[in-house]
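Under our numbering, the letters of the sequence shown match residues 8 to 402, in that order.
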Amino acid sequence: MNKNPLERLFEVNTDAEIWWDSSPLIYQGWAAEMVKKAPDQQKAKIWQEQLERMYNPDHPERGLFRGVTTNPPLSLKAIKANEPYWENFVENLVKENPGIDKEKLFWLTYKEIVKRGAQMYQKVFEDSGYKYGYLSGQLDPRVRNDVDTMVAQAEELHSLNPNVMIKVPGTKEGYEVIRILTSKGIPTNNTLAFMIPQFLAAANAVKKGLEEAKANGVDLSQWRSVITAMSARYGTLGDLKKEAEERNIELTESDIRWAEISIFKKAYRLIKEGGYPSKMLLCSMRVSPIINGKPHCWHLEKIAGADIVYTCPPPFIEKLMFEYEDIEFKPDAIYEDPPKDVLDKLLRIPYFERGYMEDGYTPDEFNTHSALVATAIEFSNATQGMIDFVAKHLN
8 MNKNPLERLF EVNTDAEIWW DSSPLIYQGW AAEMVKKAPD QQKAKIWQEQ
58 LERMYNPDHP ERGLFRGVTT NPPLSLKAIK ANEPYWENFV ENLVKENPGI
108 DKEKLFWLTY KEIVKRGAQM YQKVFEDSGY KYGYLSGQLD PRVRNDVDTM
158 VAQAEELHSL NPNVMIKVPG TKEGYEVIRI LTSKGIPTNN TLAFMIPQFL
208 AAANAVKKGL EEAKANGVDL SQWRSVITAM SARYGTLGDL KKEAEERNIE
258 LTESDIRWAE ISIFKKAYRL IKEGGYPSKM LLCSMRVSPI INGKPHCWHL
308 EKIAGADIVY TCPPPFIEKL MFEYEDIEFK PDAIYEDPPK DVLDKLLRIP
358 YFERGYMEDG YTPDEFNTHS ALVATAIEFS NATQGMIDFV AKHLN
């Protein structure tokens, strides 16, 4: 059997999980396009078999993908992938809800995308005894500082299907929301998170929420927690390069990758050693760096062997299959320390040094962190894109 890189990654540690980072609604169309791009018929056959092993709608419980992450840009892509259908869907909503405004129309449409995606993984959820098969539905990024609104949205999204996990932002208010939702037995995924202080805030919020839930006899059989590290977004959207330049520190592509990976390795160790019930999730991965003309994927290679979730979007999977199919993994890579000279250089940059230290930022400072703000703006713009799409159907 010809196994793709993600199948081989899973074999290194079968407690790890590979998730699909996009709406499940687009998977079959994307897979069909991937097969068409194959360089020859033999490769097309191999890819088709590999893609069916990753997710087969007839038998999702047998697939490589153990769960799903979505966000506003990915939900907007689901609409764009089948625009005529969603045009008709929105038109019917308008007819069924006289006087509805664009915000409510957007929310109903968004909930339908989340619900349908979750239903596609219901069999995984049930067959695994509720261990796997969660779909992360994100709260509206525009209300990331409003605890009450986020809790209300979370309860509404989770009520759509029992395997809907709530993506909660890594703001000061978001960690209060994670505590509250955990106390109610609602599964959570901490998103818009980039650095050690946030990861620990999430882990401790979950710990407190669990204590409340257990004290109140809350059913936790369909609960779990993951903490997302938005890895490449930390290195490219924040102030890492800017602060390095201000200090005449030259950063290579490899150095930037090491900044992201070093934070993740430390976070993994802290969560494990602290006995926290949350599982780290790695997203925003890149096929990078290029060394001596050869592509590498350090986000996978340097973290292989970890008991974590790797969530993979379509463009990332495409790059792996096209450019780096022969990638190899070491089962203990996660435990290898970053190069000392690189880490010492990175620690001279406040953006990294503070993100690497357990107490480098206060919760109030989370809300203004440059990578969080940049990502929140991007996600808010995508939310506005969905609103604009549905608004066209209002008189």
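We put the CB at the ideal spot given by N, CA and C, even for glycine.
Note that the structure is a prediction, hence the values are computed from the model and not measured.
- Under the Cβ criterion (8 Å, minimum of three pairs), the segment 307 to 314 counts as touching the segment 283 to 292.
- Y141 has its alpha-carbon roughly 20 Å from the corresponding atom of F206.
- Judged by DSSP secondary structure, K286 falls within the beta strand (DSSP E) whose first and last residues are K286 to C290.
- Counting C-beta pairs closer than 8 Å gives three or more between the segment 362 to 373 and the segment 195 to 215, which meets the contact rule.
- Counting every other CB atom within 10 Å of its CB across the protein chains shown gives A159 a total below 16, marking it as exposed.
- Boundaries around E218 are those of the alpha helix (DSSP H), I203 to A222, since no beta strand (DSSP E) includes it.
- As the crow flies, the alpha-carbon of D333 is around 11 Å from that of C304.
- Taken in chain order, the whole alpha helix (DSSP H) runs of length 4 or more contained in the segment 300 to 334 are 305 to 308 and 321 to 330.
- Counting the other CB atoms within 10 Å of its CB gives L401 a total below 16, which places it among the exposed residues.
- In the DSSP assignment, P80 falls within the alpha helix (DSSP H) that extends over P79 to A88.
- DSSP links N196 through a beta bridge to K174 and V233.
- Within the DSSP secondary-structure output, E24 pairs in a beta bridge with V316.
- A straight line joining the alpha-carbon of A239 with that of S29 spans about 17 Å.
- DSSP places V294 outside both helix and strand once states are collapsed to three, so it counts as coil.
- Beyond the five residues adjoining it in sequence on each side, I33 comes within less than 7 Å, by CB distance, of K84, A85 and A88 in the same chain, given in chain order.
- In terms of Cβ geometry, G144 and T77 form a close pair [threshold 8 Å].
- For V397, no beta strand (DSSP E) encloses it; the enclosing alpha helix (DSSP H) starts and ends at S377 to A398.
- Cβ neighbours of G216 within its own chain (closer than 6 Å, five residues either side excluded): R186, T189 and S190.
- Between the C-alpha atoms of F373 and A212 there is a straight-line separation of about 15 Å.
- For the options L16, F96 and I193, the alpha carbon positioned closest to that of V233 is the one of I193.
- For the pair of segments examined, the segment 346 to 363 was found not to touch the segment 19 to 26: the number of CB pairs separated by less than 8 Å stays below three.
- A contact between stretches requires three or more CB pairs, one per stretch, nearer than 8 Å, and the segment 164 to 173 meets this requirement with the segment 122 to 132.
- A274 and T195 have their C-alpha atoms roughly 18 Å apart.
- Three or more beta-carbon pairs separated by less than 8 Å are not found between the segment 259 to 272 and the segment 219 to 232, which leaves the two stretches without contact.
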